[in-house]
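**Student:**
As structure tokens, this is what we get:
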């Protein structure tokens with residue numbers, strides 16, 4: 046998730062390197078959607094030639110390119126729509142920090158989409174937007190999931206103000222969809238972390254710590270993508286460069302609020318995972334302490350007793366080979382109450398120690 | 046406490062989804078209170094039709110809606126009082142970060158109330174306020190406790206300046222009540238944490254760590270609700286949008302001060318719980334150390350002694366089967382002072398070790 | 046130290062609740078001091094009636110009220126000197142964050158005094174100042190120590206510029222005295238913490254950790270009182286509201302510097318206590334490690350030896366009941382050098398282990 | 046990596062001390078490159094006399110000095126091109142924090158290059174740039190790797206706008222090369238840290254902790270070099286002092302973005318290494334806990350059993366020397382089921398303990 | 046190092062208390078240096094009467110006072126050169142936070158010098174400067190080392206611009222000398238900490254932790270002195286109050302850069318010591334873990350074996366006193382292969398355990 050794609054150090058700026066998936070530079074899919082309040086046309090095309098020669102002055106033209114394998118397409122696009130070569134380099138160098146750039150002909154926006162694939166693994170995809178007066182060009186990394194699909198369906202349905210608004214509203218709708226996709230990701234993290242919290246208190250295991258570490262890491266990444274998004278939206282809101290119309294601003298502000306809430310959630314979850322890691326440490330520390338206590342109590346009671354029984358297992362002879370008495374050698378062994386006394390002594394010692402340990406609050 | 050309600054990603058802005066409680070979308074309770082310095086009328090109504098068609102130009106009309114189950118009511122309300130659809134979406138998407146929005150017709154405020162229910166569990170409820178020229182609309186989540194009740198009683202009693210002031214003062218009074226409700230919650234956390242501190246020093250247990258963790262988490266949440274409240278009050282104070290009259294401002298400043306004190310308390314309590322967690326770790330670490338010391342001293346004293354008695358429990362024969370003497374096999378066992386010497390040696394070893402351990406400050 | 050006094054949530058603003066000490070609302074002591082460069086009169090009075098009806102236009106009148114038990118006195122005072130009811134509420138709700146408020150008739154300042162009582166326990170007292178054109182009203186919590194006494198003595202002595210300056214200089218002198226009282230408190234903390242540091246390195250004990258925790262907590266509180274004091278002094282310095290004369294400003298700046306130094310000290314001591322807590326942990330961790338090493342070395346040496354002597358303590362018969370030889374059963378026991386060889390073997394094992402442990406740097 | 050070279054305290058400013066490598070002050074290598082859109086000349090010279098007497102007014106002259114051993118060269122250079130003596134002191138005092146200084150005749154920039162040598166050890170080299178109207182002077186520390194080589198090749202190839210632009214674009218290209226060289230360094234750290242993460246979870250070892258510590262330290266250094274670079278680029282971008290032309294600014298902004306991404310990466314990696322250190326602690330703590338559990342279970346089961354078998358190894362006599370019965374001395378030893386009962390009892394104890402430990406979740 | 050000298054709380058401002066060294070208030074040494082580009086005169090005098098009555102209008106007069114034992118001298122100085130009494134109080138209350146104050150007649154600067162005495166212990170000395178139009182008064186604490194000596198030698202040598210510049214350049218030269226003295230102190234800390242790092246990895250000991258703690262503490266102090274120095278230099282640079290001439294400003298900026306580098310170094314070293322403390326903890330934790338593993342493996346292998354040999358050391362009788370056979374009592378003891386089988390069994394157990402422990406990666 047960390048890696049930023051970059052060319053070799055010292056290479057010339059605006060060097061475009063095509064993306065390859067499993068060794069192949071796939072041909073991007075291109076969708077051209079033109080609409081106004083009354084009508085909507087959608088078509089797919091396969092290369093730079095299929096693109097409209099010029100943008101109609103009325104309505105909105107949305108060109109969506111899915112895949113980064115065709116450098117010539119991007120170059121042609123850049124020439125036709127006056128996209129800055131450095132911006133195109135950023136499009137290809139995925140892993141960019143989200144940002145906004147103003148050029149005379151359009152606004153260039155980079156953002157990162159995060160979603161969960163079928164195995165609930167987090168996937169990151171870079172999305173680039175060029176917002177012009179009445180066109181919008183979006184360029185996505187090849188991926189299994191299309192974050193723009195809900196917006197496309199709203200366009201087709203034609204409900205709400207999306208069809209009667211300009212390219213700026215369409216850009217807002219796409220950015221809003223990108224932002225909205227972070228919420229279920231964070232919900233999932235939140236739920237899993239809360240599950241972890243429960244099982245942590247029952248029996249801490251190594252797997253939990255690793256999970257916790259993974260979630261913290263994911264949150265670190267998500268934060269890296271969400272924080273600059275706020276700047277992007279703020280930039281769009283406060284300096285629309287002539288491309289953002291007034292009615293769209295209230296929606297952008299709403300989207301900005303969502304980003305602030307995302308940041309809030311990310312920070313809260315980070316704090317929660319930190320708290321859980323500490324809880325885990327406390328928990329393990331206390332368990333170790335309890336185990337030590339049991340070990341110590343058992344050892345402290347039985348080791349002296351084992352020593353005593355060891356004494357009376359010694360084989361000191363009570364008579365020499367010659368039969369002469371050795372009265373100092375273990376006379377206890379021949380005392381009628383020897384065994385009973387030793388057993389009683391050992392009971393006394395054990396009970397005494399138990400009392401001491403109870404007083405020390407070790408039991 | 047964390048969750049923010051949100052629609053599916055990519056859905057159109059201002060999509061209103063009704064709240065359900067245990068699967069049912071309850072009909073909200075509506076209270077309409079109209080008052081001026083001289084008189085006060087209160088009535089309940091059950092739908093949009095019961096609401097006043099237009100707001101009388103004199104006096105204050107306060108419409109309080111309790112429950113978020115009826116989307117049509119909110120839509121009707123929005124149309125009649127020109128509330129922005131995005132604001133109504135925020136009303137329904139509970140778990141919002143507190144915020145203030147200015148529209149030409151009113152100021153929209155979202156805040157979160159925190160209180161303790163009967164089981165001393167923390168409850169969060171979202172409260173939305175639309176402050177207009179001479180009306181105030183408040184929309185609360187369904188809940189067991191009504192944070193506005195004390196203000197309603199002051200209105201009925203008619204003491205103080207509340208009846209002779211406008212909708213802005215009423216809004217202030219409600220916000221002040223919301224802010225004031227945080228104090229007993231923090232007092233309760235403070236007291237419990239101090240109790241924890243005492244018992245922690247006596248005997249640390251796992252329950253305490255879990256409690257501590259829970260309180261830190263609650264404080265994290267409360268901070269998320271209190272910090273933005275400051276911006277809300279500051280926004281109301283410095284840009285009242287024509288709805289906030291001068292005499293109300295000194296009260297808003299007072300309320301703002303209370304929020305600052307809340308933030309202060311939350312930070313102090315967070316620091317205290319962090320300190321306690323560390324104290325706990327120190328305490329457990331020291332206990333483990335003490336236990337280890339006892340274990341080590343006992344083991345170190347008795348293990349060598351047990352070894353010695355083990356030696357004299359060996360069965361080496363002093364004569365072969367043929368009766369030939371084996372003088373090197375354990376001659377000590379037949380020495381007249383063998384037993385006494387061994388016992389004396391063991392005493393010496395034990396005393397020596399005790400002296401060493403005392404010198405090492407382990408005893 | 047944490048608690049902020051506050052009324053029930055939702056109660057009307059500016060509700061005044063008298064303070065009680067051990068259940069009784071004591072009558073406050075009132076001192077009226079009037080002075081100019083030439084003369085000084087001091088008198089005590091017991092209620093609102095004893096106060097001067099109006100403030101003489103020349104000289105300075107200082108009214109000091111000691112105790113918060115008489116709400117009527119405060120109300121009367123408020124009416125006579127036009128003190129804002131919200132300010133009077135703050136006077137009574139002790140535990141306030143230090144703050145400054147400007148009103149047309151005076152500047153209202155709240156600060157917290159910290160001092161050590163006879164048992165070296167830290168005491169906090171709230172002090173409120175109303176600084177007018179030629180009067181100063183100070184209201185203190187009832188307490189065993191009067192932080193204003195040194196200033197009163199300087200007034201009586203009449204040295205320096207205090208008698209020839211106005212109420213603003215008197216306010217400065219009192220604030221300076223409040224600020225100065227923090228230094229010995231911090232000195233005491235510093236000395237004790239340094240003592241702790243020494244004994245920590247000798248033998249860590251639970252008492253030290255608790256002390257350390259207590260001092261960190263006290264420092265947290267002191268920081269809560271000192272940081273806002275800076276804002277208070279800065280407010281007085283940069284916006285004196287017409288009440289602060291130019292010559293007083295250089296003294297206020299000096300006092301402001303003292304507050305900055307206090308903050309500096311508090312932060313340094315906090316860092317020191319944090320460092321000590323860590324040192325403590327390191328120290329305990331290392332002790333545990335040393336103890337474990339001793340335990341392990343002793344156990345590792347003697348447990349195998351005890352096993353060996355245990356082997357030769359087994360009672361395997363060398364002949365059956367019938368007298369038939371069982372040559373495989375422990376022939377060593379009848380070997381002439383059996384005992385000597387076993388003893389030698391055990392010495393070898395012990396020496397070998399000692400060498401290994403020395404190589405592992407465990408000894 | 047930390048050290049900053051500095052003269053003795055109190056020495057006069059602008060004191061120049063030559064660098065020595067292994068005791069020798071090597072003669073620097075000087076390369077003079079003059080180019081415009083049409084042509085390019087490169088030559089090496091060996092001293093101040095070989096340098097051009099004055100800079101041609103058209104085209105760009107780039108003087109690159111490799112090595113800091115010749116103070117007279119620097120002094121001569123300073124006089125000829127009006128470089129400030131304090132700047133020359135900074136050139137020699139390597140280990141400088143990157144900075145930008147404006148003088149009337151040129152802009153002085155210091156930066157630090159970080160790269161990996163053949164053994165993958167990190168190397169730091171200080172690079173100083175003097176950017177004038179149509180000249181650029183660069184001074185590098187002697188080192189095995191030349192970070193400017195890729196730019197020199199682009200100059201020779203003559204592609205792109207580098208040949209047709211001024212000294213400002215050349216300065217940008219060199220700075221961009223410096224910035225770009227940080228990316229592979231961070232990639233390497235990232236990969237190694239991720240490898241560490243995997244092996245940490247398998248078996249934590251001391252080497253890993255040391256590596257982790259080393260990488261954190263390297264990241265600390267890199268941060269020290271990268272953060273001020275942002276200020277340098279921002280300074281160049283916003284106050285070019287008449288030397289930065291408009292078309293170069295968009296490239297500088299791109300380079301600035303790269304620095305921001307570097308900072309982002311450095312912070313992310315620092316957070317990752319911190320997380321790994323914690324993961325390591327958790328992992329070791331848990332392992333210790335598991336080991337303790339095994340130790341305690343084995344000890345707790347076998348110590349009492351060993352005590353019991355010790356009892357029946359005692360040698361209490363059942364008859365006196367005179368043959369009188371001592372019926373209280375260990376009658377169990379002569380019971381027909383004595384051995385079987387003791388064995389059964391011990392099995393019971395062991396099974397009971399196992400059940401207890403399973404219930405305590407220790408197994 | 047922490048202590049700030051201060052008078053009793055509530056005492057009048059500008060109260061001057063003389064310093065005593067070992068109970069005596071030593072008479073300060075006074076040096077008067079007057080110079081211009083052409084000539085330089087130095088003389089010592091012993092009291093206020095020896096000082097020049099008025100400052101010559103040409104050239105620079107530098108009065109250096111070494112020692113704080115004579116309050117009358119300071120008072121006289123204050124009157125003659127119009128030094129503010131509060132500034133003189135700051136001169137005596139050593140331990141001040143470095144600061145700059147502007148008065149109409151001069152600029153007052155306080156700074157702290159840190160150097161190592163003969164035993165490499167850190168010493169702190171307060172230095173106060175009063176920078177006037179053509180005079181400079183410096184007041185130092187009594188100390189074994191004079192930080193101004195290198196500057197005095199440069200004055201005498203007359204090289205560079207120091208003799209031909211004004212009092213502002215002299216003040217710069219002294220401040221620069223103060224700043225430069227921090228570098229060797231930090232170098233020494235850096236070297237020692239790096240030595241510590243090496244030995245920490247070999248064998249952690251308590252001494253290292255204490256050293257590390259001491260260095261962190263020293264760094265905390267140094268930071269307290271260096272951070273405000275930046276404000277001092279920035280104040281001098283941006284508001285020279287008419288006393289700082291333009292040519293001096295470039296030198297002050299250079300000095301400011303040095304302070305920024307100092308701050309950078311201090312922060313880096315603090316981070317390094319924090320990292321080392323953590324490394325230490327990791328190291329001790331891992332050692333404890335290793336020791337525990339050895340203990341557990343040895344115990345786990347030998348305790349069960351000792352139990353087994355204990356079984357066959359029991360004395361169950363195989364015949365009653367009457368000679369009747371007790372066939373259930375330990376028949377193994379009379380089996381021809383009993384001993385061999387038990388030995389083989391024990392080998393099997395030991396080998397099995399070794400395999401298990403190897404699988405658990407404990408060996």
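Residue numbers (the numbering used here), protein chains in the order written: chain A, 46 to 408; chain B, 46 to 408; chain C, 46 to 408; chain D, 46 to 408; chain E, 46 to 408. Beta carbons are placed, not taken as given, at the ideal position from N, Cα and C, and that holds for glycine.
Suppose you measure from the CA of residue 185(E) to the CA of residue 330(E); what does that come to, to the nearest Å?
**Tutor:** Along the fifth chain, read from residue 1 onward, the residue named residue 185(E) stands at position 140. Along the fifth chain, read from residue 1 onward, the residue named residue 330(E) stands at position 285. If you take the alpha carbons of residue 185(E) and residue 330(E), they lie about 48 Å apart.
**Student:** Measure the CB-CB distance between residue 90(D) and residue 110(D) and report whether it falls below 8 Å.
**Tutor:** Here residue 90(D) refers to the residue found at position 45 of the fourth chain. Here residue 110(D) refers to the residue found at position 65 of the fourth chain. Not a contact, by the Cβ cut-off of 8 Å.
**Student:** Skipping 5 residues on each side, what residues in its chain have a beta carbon closer than 7 Å to that of residue 298(D)?
**Tutor:** As a working note, residue 298(D) is residue 253 in the fourth chain. The answer, listed in chain order, is 282.
**Student:** Does DSSP put residue 147(C) in a helix, in a strand, or in coil?
**Tutor:** Residue 147(C) sits at position 102 when you count from the first residue of the third chain. Residue state, collapsed to three classes: strand.
**Student:** So residue 170(A) is in the alpha helix (DSSP H); what residue range does that whole segment cover?
**Tutor:** What you label residue 170(A) is simply residue 125 of the first chain in a count that begins at 1. Careful: residue 170(A) lies outside any alpha helix (DSSP H), inside the beta strand (DSSP E) at 167-176.
**Student:** Can you round the beta-carbon distance between residue 219(D) and residue 196(D) to whole angstroms, since I take them to be within the 8 Å contact cut?
**Tutor:** If you number the fourth chain from 1, residue 219(D) lands on position 174. If you number the fourth chain from 1, residue 196(D) lands on position 151. The Cβ separation is near 6 Å, so the contact holds.
**Student:** Where do the ends of the beta strand (DSSP E) carrying residue 86(B) lie?
**Tutor:** Along the second chain, read from residue 1 onward, the residue named residue 86(B) stands at position 41. Residue 86(B) -> beta strand (DSSP E) spans 85-90.
**Student:** Using a cut-off of 7 Å between C-beta atoms, extract the partners of residue 338(A) located in chain B.
**Tutor:** Looking up residue 338(A) in the first chain gives position 293. Within 7 Å Cβ-Cβ: 336.
**Student:** Mind checking whether residue 361(A) and residue 383(B) have CB atoms under 8 Å apart?
**Tutor:** Walking along the first chain from the start, residue 361(A) turns up at place 316. Walking along the second chain from the start, residue 383(B) turns up at place 338. Cβ atoms of residue 361(A) and residue 383(B): closer than 8 Å.
**Student:** Of all Cβ atoms in chain E, is any one closer than 8 Å to the Cβ of residue 378(D)?
**Tutor:** Numbered from 1 along the fourth chain, position 333 holds the residue referred to as residue 378(D). Yes, its Cβ sits closer than 8 Å to a Cβ of chain E.
**Student:** With H, G and I counted as helix, E and B as strand and the rest as coil, what does DSSP make of residue 217(B)?
**Tutor:** Against the second chain, residue 217(B) aligns to sequence position 172. Residue 217(B): helix per DSSP, three-state reduction.
**Student:** With a Cβ-Cβ cutoff of 8 Å, do residue 267(E) and residue 159(E) count as a contact?
**Tutor:** Counting from one through the fifth chain, the residue named residue 267(E) turns up at place 222. Counting from one through the fifth chain, the residue named residue 159(E) turns up at place 114. Yes. Within cutoff.
**Student:** Taking the CB atoms as reference points, tell me whether residue 138(B) and residue 332(C) lie closer together than 8 Å.
**Tutor:** As a first step, residue 138(B) must be located in the second chain, where it is residue number 93. As a first step, residue 332(C) must be located in the third chain, where it is residue number 287. No; because the gap between Cβ atoms is not below 8 Å, this pair is not in contact.
**Student:** Would you mind stating whether residue 264(E) and residue 351(E) have Cβ atoms separated by less than 8 Å?
**Tutor:** Position 219 of the fifth chain holds residue 264(E). Position 306 of the fifth chain holds residue 351(E). Contact: no.
**Student:** Grouping DSSP H, G and I as helix and E and B as strand, with all else coil, what is residue 61(B)?
**Tutor:** The count along the second chain starts at 1 and reaches residue 61(B) at position 16. Reduced to three states, the DSSP call for residue 61(B) is coil.
**Student:** Use the C-beta contact count for residue 221(B): other C-beta atoms within 10 angstroms, 16 or more gives buried, fewer gives exposed.
**Tutor:** Mapped onto the second chain, residue 221(B) falls at position 176. Under this definition residue 221(B) is a buried residue.
**Student:** If I measure Cβ to Cβ from residue 87(C) and keep anything under 7 Å in the same chain, skipping five residues before and after, which residues do I get?
**Tutor:** Position 42 of the third chain, counted from the start, is the residue given in the question as residue 87(C). Closer than 7 Å at the Cβ level, and outside the excluded window around residue 87(C), lie 76, 78.
**Student:** Using a cut-off of 7 Å between C-beta atoms, extract the partners of residue 324(E) located in chain D.
**Tutor:** Position 279 of the fifth chain, counting from 1, holds the residue named residue 324(E). Result: 254, 258.
**Student:** Thinking just about the alpha-carbon of each residue, which of 182(D), 82(D), 391(D) is nearest to the one in residue 201(D)?
**Tutor:** The count along the fourth chain starts at 1 and reaches residue 201(D) at position 156. Ranking 182(D), 82(D), 391(D) by Cα distance to residue 201(D) puts 82(D) first.
**Student:** So what does residue 74(D) bridge to, in DSSP terms?
**Tutor:** In the fourth chain, residue 74(D) corresponds to position 29, counting from 1. The partner list for residue 74(D) (beta bridge, DSSP) reads 111(D).
**Student:** Which of helix, strand or coil does DSSP assign to residue 350(C)?
**Tutor:** The residue you call residue 350(C) lines up with position 305 of the third chain. Note: residue 350(C) maps to helix in three-state DSSP.
**Student:** Checking contacts by CB at 8 Å: is residue 413(B) closer than that to chain C?
**Tutor:** What the structure shows of chain B is the stretch from 46 to 408, and residue 413(B) is not part of that stretch, so it cannot be assessed.
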